[in-house]
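One structure is given below, encoded as C-alpha cells.
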Amino acid sequence: MNSFPGPENSWEGVDAYFTWADSPGILVFLSLVVAAICVGIIWSAARHESEVADKHK
Amino acid sequence: MTLEELNTFVTTQANVSMEAYYWWCTAFMVIIHVGFLMYEVGATRMKNAVSSGVKNLLAFAFMIPTFWLFGWYIYLAFPAGFVPIDLEGYGTPWNVSMGPMLSDQATGVFWAAFTLFACTTASIFSGAVIERIRLSAFTFLAVILGSVVWITGASWGWHPDGWLVTGFGYHDVGAAGVVHTIAGWFAFGVLLNLGPRIGKYNEDGTANEIEGHSLVSSFIGLLMLIVGFFGFLGGCLIWAGSDLGGWINIYGAPATLSSFAFNTLMGLSGGMIGAFWYSKGNPFWMMSGGLAGIFICAGGLDIWYPGFAFIMGVVAGIVIIPANNWLHNTFKIDDCVGAVSVHGVSGILGVLVVGIFAAGYPASGDIPPTSFVGQLVGAITMIATGFIPGYVISLVMKSMGWLRVPDEVQMAGIDKAELGLEAYQKQ
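Line by line, the protein sequences are chains A and B.
For the first sequence, our numbering gives the first residue as 148, with consecutive numbering after it.
For the second sequence, our numbering gives the first residue as 2, with consecutive numbering after it.
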C-alpha cells in the first residue's frame, strides 16, 4: 500500500507512492470510471453513426 | 567501493538499463502505428481517408486503458487455459504494482511493451476492413482482439507457464503465432461477416480492383512498419541483466539480439525479393513480402542460420500472393491490404517451420524441446484463438446491425457523412 510520504516527509521507506494507493476502494472506483468512459464513448459513437445512417436513408 | 556497494551499483544499473531498453522498444513500436495509418490511409479512396486514419487512432487510444484494465491481468492469470490462477491481486488495475512503485521497475515497462503488441494486433486487423466498417464497431472489435484474444493466446504460448509451452515446448519467440496468426485469422472471421466494399465484386463473382488514393503514403507507411517492427522484435527478448544473465528468449533459453538482427534483416530481404519476382515488380506486394519474410522467420528468430532465413523469406514473399488470391476467390472477402495472407498465412508458416527445421532445440527448466507436433498444436490453437471469436462476435454484431456502414453512407463517403470532414480541399 501507499507508503508516501516517509518519516518527516522524506522518501525513506517509501515503495508504492501514487495517489490514493492506500485506499483499495478508491482505486477500484477509479478503474470502474475508466471502464465506464471507454464503454460510454463507444456507445456514443455508435449512436452518432446510427443517426447519420438514418439521415442518409 | 566495497563489494556490497559494487553489487548495489551493478544491480541498479542493470535495472535502469532494462527499463530504458523496454521504454525505447515501446517508443519504436509506436512507429508501427504510424506505418499502418499511412499505409491504410493511402490504400483508401479519398472520400474515406480521414475516417480510415481516425480508425487507427481510435484503436491505439482505446487499447491503452483497456489493456491496463484487463489485458495485462489476462496474460498473467490464464496460462493454464480458461481458469485463472491465483495471483493475489497482481495484474489488476487496483494493485499497487500497476503504478509508480520504487521496488518494481519491471511491471510498467513490460505492461507498456505488451500494450503496444496489443495495438499491433488491432492495426493488423484494421487494414483488412477499411472503408465499410463502423468506427464504433471496429473500436470494440479492436479492443476484443488486443486486450482479450491475442493476450489469451500469448498467455498460452508465450508465458513461461503457458500450457502450450510447458506441455508441448511451443517455440514462438517473435510472435509468429501469438500475434500474426491470431490477428490475421481474427480479421478473416470478421471479413466473412462484414462483406466487401460496394463495387468490389460483380454479380458474376468477378472482382474489381479498388485503387487507393496515395501510393506514396502507402509506400512510406510500409517502410515505417519495418522500422517499428525492430522495436516490436526487440521487445520480444528478455533482459536478464539484474540476474547477470544477459539476454534470454521469452522461454528462458539463452539468446542474442544479434541473432534477431541477422534473421530479421535476411527474412525481410528474402521476402521483398521473392514477392518482387512472383508479382513481376508490384511494389505493394514487395513491401508486404518483406513483412511476410520477417514473420515466417519470427518463430525461430533466435536460432535460424541467416542464409536459411533468407530462403524462408523468399518462400513467404511468394506464397502470400497466391494465398491472398485463393482466399479472395474462394470466400469472396475484401481484404483491402492482404492482412489475412501477410499475417495469418505467414504466421502459420512461421510457427510450423520451427517444428519442421528446428525440432529438438532445448528450452529452459522443464520445458520440453521444440517438436513438429508441438508447433502443429500451437498453430491450430492460434488459428482457432483468432478465428472463432472474430467470427462469432462479428456475427452477433452483424445481427444487431452494428458492424457495417450502410450502403448510402459508403457511397457518400464516411468522412463527409460521419465526421463532417474531407481529407483534401477542392481547388
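Backbone N, C-alpha and C define an ideal beta-carbon position, used for all residues, glycine too.
| Check | Outcome |
| --- | --- |
| So Lys417/B is in the alpha helix (DSSP H); what residue range does that whole segment cover? | Note, Lys417/B: premise wrong, no alpha helix (DSSP H); not H, not E. |
| Taking C-beta pairs closer than 7 angstroms, name the residues in chain B that Glu155/A reaches, listed in chain order. | None at all; the shortest Cβ gap to chain B is about 18 angstroms. |
| Kindly indicate which three-state DSSP category Tyr202/B falls into: helix, strand or coil? | strand |
| Return the chain-ordered ranges of every beta strand (DSSP E) run that is complete within the segment 305-339 of chain B and spans a minimum of 3 residues. | none |
| In whole angstroms, what separates the C-alpha of Tyr74/B from that of Val179/B? | 17 angstroms |
| Let's test the definition: count the other Cβ atoms within 10 Å of the Cβ of Gly272/B and tell me whether it reaches 16, buried, or not, exposed. | buried |
| What residues match up with Met102/B in a beta bridge as DSSP calls it? | Ala163/A |
| Do Leu174/A and Trp95/B have their C-beta atoms closer together than 8 angstroms? | yes |
| I need the boundaries of the alpha helix (DSSP H) containing Ile390/B, first residue and last residue. | It is Pro, not Ile, that sits at residue 390/B in the sequence shown. First-last of the alpha helix (DSSP H) with Pro390/B: 373-400. |
| Where DSSP assigns a beta bridge to Arg405/B, which residues make up the other side? | Ile134/B |
| Would the segment 204-219 of chain B count as touching the segment 380-392 of chain B if we require 3 or more Cβ pairs under 8 angstroms? | no |
| Using a Cβ-Cβ distance cut-off of 8 angstroms, determine whether Glu6/B contacts chain A. | no |
| Of all the CB atoms in chain B, is at least one closer than 8 angstroms to the CB of Val161/A? | yes |
| Based on the DSSP output, what are the partners of Ala208/B in its beta bridges? | Tyr202/B |
| What are the boundary residues of the alpha helix (DSSP H) that includes Arg194/A? | 171-202 |
| Let me check understanding here. Comparing Cα to Cα, which of Glu204/B, Gly163/B, Glu6/B, Ile134/B lies closest to Ala188/B? | Ile134/B |
| From Ala241/B to Glu423/B, what does the alpha carbon distance come to, in whole angstroms? | 50 angstroms |
| Kindly list, in the order they appear in chain B, the residues whose Cβ is closer than 9 angstroms to that of Val180/A. | Under the 9 angstroms cutoff, chain B gives no residues; its nearest Cβ is about 10 angstroms from Val180/A. |
| Does any CB atom of chain A fall closer than 8 angstroms to the CB of Arg135/B? | yes |
| Using a cut-off of 7 angstroms between C-beta atoms, extract the partners of Ala200/A located in chain B. | Pro407, Val410 |
| Please list the terminal residues of the continuous alpha helix (DSSP H) segment that includes Met267/B. | 258-279 |
| Might you give, ordered along the chain, the residues of its own chain that have their beta carbon closer than 6 angstroms to the beta carbon of Ile131/B, omitting 5 neighbours on each side? | Glu41, Thr45, Ser53, Cys337 |
| Could you tell me which residues DSSP pairs with Ile251/B in its beta bridges? | Per DSSP, none; premise fails for Ile251/B. |
| Rounded to whole angstroms, what's the CA-CA distance from Val316/B to Gly294/B? Just pull it up for me. | 8 angstroms |
| With 16 other CB atoms within 10 Å as the buried threshold, where does Ala183/A fall? | exposed |
| Let me check understanding here. Comparing Cα to Cα, which of Gly206/B, Val352/B, Asn194/B lies closest to Tyr392/B? | Asn194/B |
| Identify each residue in the segment 56-76 of chain B for which the Cβ-Cβ distance to at least one residue of chain A is less than 8 angstroms, and report them in chain order. | Phe63, Pro66, Thr67, Trp69, Leu70 |
| Which complete beta strand (DSSP E) runs does the segment 35-105 of chain B hold, if anything under 3 residues is left out? | none |
| When you compare the CB positions of Val346/B and Ser289/B, do they come within less than 8 angstroms of one another, or not? | no |
| Would you mind giving the Cβ-Cβ distance between Val341/B and Gly300/B, rounded to the nearest angstrom? I have them listed as a contact below 8 angstroms. | Going by Cβ atoms, the distance from Val341/B to Gly300/B rounds to 18 angstroms, so no, they are not a contact pair. |
| Under a three-way DSSP split, which group does Ile33/B fall into? | helix |
| Less than 6 angstroms between C-beta atoms, sequence neighbours within five positions excluded: which residues of the same chain meet that for Glu403/B? | Going by the sequence as given, residue 403/B is Trp instead of Glu. Excluding sequence neighbours, Trp403/B sits near Ala138. |
| With DSSP run on the structure shown, which of helix, strand or coil describes Trp240/B? | strand |
| So for Ile152/B, helix, strand or coil by DSSP? | helix |
| For Ala193/A, which residues in chain B fall below 8 angstroms Cβ to Cβ? | Arg135, Ser137, Ala138, Trp403 |
| Under 8 angstroms by Cβ, that's how I've got Thr182/B and Ile33/B pegged, so tell me the actual separation to the nearest angstrom. | At roughly 17 angstroms, the Cβ-Cβ gap does not stay under 8 angstroms, so Thr182/B and Ile33/B are not in contact. |
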